[in-house]
Amino acid sequence: MKEGIEIMQKKLLKGTLSILAAIILSACTGDSGGMNSSMMMDNEDNPDQGMDQDGMNEMMDHGEVPSLASSEGVNELVIPPLLEKQKGKNYDYEVTAQEGITEFFEGISTETYGYNGDLLGPTLKIEEGESVNVKITNDLNEPTTFHWHGLEVASKIDGGPSDEIQPGESRIITLEADQPAATLWYHPHVHEMTAEQVFRGLSGMLIIDNSINSDLEIPNEYGVNDIPLIFQDRLFDEDKQLDYDNLMNVDGTLGDVSMVNGTINPKMTVTEPIMRFRLLNGSNARNYTFRLSNGDNFTQIASDGSLLDEPVDRKELTLAASERAEILIDFSKLTEEESLSIINEEGVVLLPFDVKDTDSTAGSIKTWTTDEPFLTDEEKEMPVTKNIELFGMMDMVSINGKKFDADRIDLRQEQGVTEVWEIYNKPDMMGGMVHPFHIHGTQFKVISRDGEEVEESEQGFKDSVAVEPGERVKLLVTFPEKGVYVFHCHILEHEDNGMMGQIEVY
Ligand SMILES: [Cu+2]
Numbered sequence: 002m003k004e005g006i007e008i009m010q011k012k013l014l015k016g017t018l019s020i021l022a023a024i025i026l027s028a029c030t031g032d033s034g035g036m037n038s039s040m041m042m043d044n045e046d047n048p049d050q051g052m053d054q055d056g057m058n059e060m061m062d063h064g065e066v067p068s069l070a071s072s073e074g075v076n077e078l079v080i081p082p083l084l085e086k087q088k089g090k091n092y093d094y095e096v097t098a099q100e101g102i103t104e105f106f107e108g109i110s111t112e113t114y115g116y117n118g119d120l121l122g123p124t125l126k127i128e129e130g131e132s133v134n135v136k137i138t139n140d141l142n143e144p145t146t147f148h149w150h151g152l153e154v155a156s157k158i159d160g161g162p163s164d165e166i167q168p169g170e171s172r173i174i175t176l177e178a179d180q181p182a183a184t185l186w187y188h189p190h191v192h193e194m195t196a197e198q199v200f201r202g203l204s205g206m207l208i209i210d211n212s213i214n215s216d217l218e219i220p221n222e223y224g225v226n227d228i229p230l231i232f233q234d235r236l237f238d239e240d241k242q243l244d245y246d247n248l249m250n251v252d253g254t255l256g257d258v259s260m261v262n263g264t265i266n267p268k269m270t271v272t273e274p275i276m277r278f279r280l281l282n283g284s285n286a287r288n289y290t291f292r293l294s295n296g297d298n299f300t301q302i303a304s305d306g307s308l309l310d311e312p313v314d315r316k317e318l319t320l321a322a323s324e325r326a327e328i329l330i331d332f333s334k335l336t337e338e339e340s341l342s343i344i345n346e347e348g349v350v351l352l353p354f355d356v357k358d359t360d361s362t363a364g365s366i367k368t369w370t371t372d373e374p375f376l377t378d379e380e381k382e383m384p385v386t387k388n389i390e391l392f393g394m395m396d397m398v399s400i401n402g403k404k405f406d407a408d409r410i411d412l413r414q415e416q417g418v419t420e421v422w423e424i425y426n427k428p429d430m431m432g433g434m435v436h437p438f439h440i441h442g443t444q445f446k447v448i449s450r451d452g453e454e455v456e457e458s459e460q461g462f463k464d465s466v467a468v469e470p471g472e473r474v475k476l477l478v479t480f481p482e483k484g485v486y487v488f489h490c491h492i493l494e495h496e497d498n499g500m501m502g503q504i505e506v507y
């Protein structure tokens, strides 16, 4: 009975929030069409009519982001193992989505999901130009998909929402890495369940490697001086469970517990002078701005989908959900007494380093510049041919005024033909929020933000781009393969609530 009441209360709360969102959104658009009629219907069975302005502001404030707790450096950082090649089978790699148990808190078993294990997944490394067969298996009790985020693959193996693998089902797919060296990742993309499955633990790294790493003397020894860092925030219930149904926030689930590679309170022992970190914001919704605790610069070398045109020294770096960056940190001049951590914009310690016996005479970070400009003059002047308008909040999110419909094709683009997309994040009455916009099946270039050429830190290929409220971002988009792909907001709850469309590449 108590449970029934709680569910009822939650439904009512959700109803109230939806009504408030509708008021704000319709006030903003001046549109009193469809939204109002559904609002009125919701109103009838909602007793809570007396919410005051403060309550409304509090509910609707996009900026309500809980602070993370600083790492106390108790646990050595877990580094996901490299996925090992199978021998004597008709496939090279095996990736199984499964249920597991993780001991985040001493003596407490938390139910989690993982690939080939209890939480997260092994790192899949593919050489550029290599083609590998991967056996994907769903051992969960619900459908899932295997999406290779950032990989330019045919739509039938992209693992989008139309590509469900049922419980107990296996499939062998061929992944071809026909693109530059990059830090990509894999995660589920099952319609209306992506946020929950990722929240419970399904994510893994996918690295494309090639000889440029050794040519440019970039640290490339996985687990030694080349380390993936998956940053996620999580919210646990009183029983220290990841009970998504109870914990979820329709506007993007945020937590107060920081984890890196699934490790809470991590520290990392560093023995190499120059370290390469592959940062992934694997959170459902949170944005991170990364800094070093001593205020020093670090060197950004890559964006989502390739190395940058040249390494860039940076004091800070912001990643929205699903974005990646590769950075180098020089530990060679640090003494054992000096501490260094990766912190966020609030000074919260995300990952403290324990620096041991690094070689202070070791070489410095090498630099490079590409001969060709990031964008040609011709590319910069191409007209916009696709317009995308991101709008809304909570479950009232849309792209070009529409919600996702698997039976509808929203856009069409010819295979191999480059077009300019303009992504506009239309603000709402409360200012709006950042929407990370992701396109499947392509690595694009960011041409400009509000007409201004982007900084060097964005001068590499990307598949996700953070768009600020009111901002217009132009992208140069080419699809190398045919098929139907989705594009969407990577706040996973927005995606699940229909902030997603489909493009047919013909
Ligand atoms: Cu969004």
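Residue numbering for the sequence shown is 2 to 507, as defined by this note's numbering. Each residue gets a CB set at the ideal place from its N, CA and C atoms; glycine is no exception.
- If the five residues before and after Lys367 are omitted, its C-beta is found closer than 7 Å to the C-beta atoms of Leu217, Glu218, all from its own chain and listed in chain order.
- Comparing C-alpha distances from Gly130 to each of Ile209, Asn139, Pro353, Lys268 shows the shortest one belongs to Ile209.
- Of all C-beta pairs linking the stretch 184–192 to the stretch 159–176, three or more are shorter than 8 Å, placing the two stretches in contact.
- Cβ neighbours of Val485 within its own chain (closer than 6 Å, five residues either side excluded): Ser156, Gln503, Glu505.
- For Phe438, the secondary structure class from DSSP, reduced to helix, strand or coil, is strand.
- Per DSSP, Ala326 is one residue of the beta strand (DSSP E) stretching across 325–331.
- Excluding five sequence positions before and after Thr272, the CB atoms of its chain that fall closer than 7 Å to its own CB belong to Lys357, Asp358, Thr359, given in chain order.
- The closest heavy atom of ligand 1 lies 8 Å or more from the beta carbon of His188.
- Under the Cβ criterion (8 Å, minimum of three pairs), the stretch 426–445 counts as touching the stretch 490–497.
- Relative to ligand 1, the nearest heavy atom lies less than 8 Å away from the CB of Gly253.
- Lys475 counts as buried, since at least 16 other C-beta atoms from the protein chains shown sit within 10 angstroms of its C-beta.
- Take Pro384, set aside five residues on each side of it, and the residues of its chain with a beta-carbon closer than 8 Å to its own are Val421, in chain order.
- Contact between Ile127 and Leu176 holds: their C-beta atoms lie close to 7 Å from each other, under 8 Å.
- Look at Tyr507 here: in three-state DSSP terms it is coil, with no helix or strand label.
- For the set Phe480, Gly101, Asn266, Leu243, the Cα lying nearest the Cα of Pro353 is the one of Asn266.
- Judged by DSSP in its simplified three-state form, Lys463 adopts strand.
- Beta-bridge annotation (DSSP): Gly115 is paired with Gln99, Leu121.
- One thing to note: Lys427 has its Cβ no nearer than 9 Å to the Cβ of Phe445.
- In this structure, Asn295 lies near Leu341, with their beta-carbon atoms less than 9 Å apart.
- By alpha-carbon distance to Leu309, the top candidate from Tyr289, Glu456, Leu141, Thr264 is Glu456.
- Going down the chain, each residue whose beta-carbon is closer than 5 Å to a heavy atom of ligand 1 shows up: His436, Cys490, Ile492, His495.
- Inclusion of Met269 and Glu197 in the CB contact set at 9 Å is not warranted, their separation being larger than that value.
- Ranked by how close their Cα comes to the Cα of Tyr116, the residues Glu107, Arg325, Val96 have Val96 in first place.
- Per DSSP, the beta bridge partners of Ser399 are Phe392.
- One thing to note: Leu320 has its Cβ within 9 Å of the Cβ of Leu281.
- Closest in alpha carbon position to Glu390, among Leu185, Thr300, Met501, Phe278, is Met501.
- CA-CA distance, Asn214 to Pro220, rounds to 7 Å.
- According to the DSSP assignment, Asn247 belongs to no beta strand (DSSP E) but to the alpha helix (DSSP H) extending over 245–248.
- DSSP places Thr138 in the strand class (E or B) of the three-state scheme.
- Relative to Val133, the option among Thr377, Glu77, Ile302, Lys90 whose CA is nearest is Lys90.
- Assigned with DSSP and collapsed to three states, Glu496 falls in helix.
- The alpha-carbon of Ala183 is positioned some 21 Å away from that of Asn288.
- Around Val225, the same chain offers Glu273 as residues with beta carbons nearer than 8 Å, after the five sequence neighbours per side are excluded.
- 9 Å or more divides the Cβ of Phe278 from the Cβ of Leu207.
- Leu121 is not a Cβ neighbour of Gly256, given a cutoff of 9 Å.
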